[in-house]
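Asker:
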Amino acid sequence: MSILEFFAFITSLTGVILGVLGPRITWPWWGVSSLLYAILFFQSQYYASASLQFIFIAGGIWGWFGWGPKGVKPRKSHTKERISLVAILIVSSLAIWPLLINIGATSSAIESFGFVGSVIAQLLMIWQRYEAWPLWVIVDLAYTYQYFKGELYLTGFLYLIFTGIAIWGWVRWRQESEKFKID
36 MSILEFFAFI TSLTGVILGV LGPRITWPWW GVSSLLYAIL FFQSQYYASA SLQFIFIAGG
96 IWGWFGWGPK GVKPRKSHTK ERISLVAILI VSSLAIWPLL INIGATSSAI ESFGFVGSVI
156 AQLLMIWQRY EAWPLWVIVD LAYTYQYFKG ELYLTGFLYL IFTGIAIWGW VRWRQESEKF
216 KID
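Sequence positions in the sequence shown follow my numbering and run 36 to 218.
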């Protein structure tokens with residue numbers, strides 16, 4: 036474990052916990068942790084994970100303005116939106132996988148799924164959609180395996196914690212989404 040991994044761990048954990056609670060301040064925490072993890076993942080040859088951090092930074096800026104001063108107001112997506120997102124997740128993951136193999140990524144199958152799943156989950160967070168959290172559960176479990184296998188033990192442990200936090204977010208945002216139903 037390096038100092039870099041330790042600070043990335045702390046800032047990321049703080050940002051994700053804040054994300055469940057829904058205040059706007061979550062986004063700067065995600066931005067800082069993403070910058071730290073971009074460096075760590077690049078050093079570990081998790082190229083898709085490193086690139087993903089810059090998408091998270093951009094998403095953090097978008098999320099800051101999208102959530103507004105009062106924070107998140109979660110709502111559920113329509114069934115057609117859910118089906119479209121699952122199709123995009125599958126097709127895009129399969130498309131990115133060979134590219135990652137060609138550039139020598141450390142864990143191409145999990146990285147392709149994790150990259151696409153994380154982008155979709157991040158967009159769902161920005162759009163304040165409840166479905167972000169069940170997707171985060173699946174992505175976090177995949178990344179937990181990847182990082183433990185790659186001997187990034189603190190980061191693997193962080194993603195295990197993220198899985199629990201995502202379950203909490205899933206429950207909390209589901210309850211909150213009942214207040215903001217789409218007609």
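Glycine included, C-beta positions come from ideal geometry on N, C-alpha and C.
Please read all numbers here as calculations on a predicted model, not as lab measurements.
Sort A85, A167 and W97 by Cα distance to I60 and report the nearest one.
Answerer: Taking I60 as reference, the option from A85, A167 and W97 with the minimal CA-CA separation is W97.
Asker: May I have a chain-ordered list of the alpha helix (DSSP H) segments no shorter than 4 residues that lie completely inside the segment 57 to 87?
Answerer: Whole alpha helix (DSSP H) segments, 4+ residues: 61 to 78.
Asker: Which two residues bound the contiguous alpha helix (DSSP H) that contains K115?
Answerer: T114 to I138
Asker: Taking only the alpha-carbon atoms, compute the straight-line gap between E213 and P58 and give it to the nearest angstrom.
Answerer: 18 Å
Asker: State the start and end residues of the unbroken alpha helix (DSSP H) segment that holds S37.
Answerer: Where S37 is concerned, there is no enclosing alpha helix (DSSP H), given that its DSSP letter is neither H nor E.
Asker: Checking 8 Å against the spacing of the C-beta atoms, do Y72 and A43 come in under that value?
Answerer: Yes, they are a contact pair.
Asker: Between the segment 136 to 146 and the segment 160 to 173, do three or more beta carbon pairs fall short of 8 Å?
Answerer: no
Asker: Nearest by alpha-carbon distance to L75: which of Y182, A85 and G149 is it?
Answerer: A85
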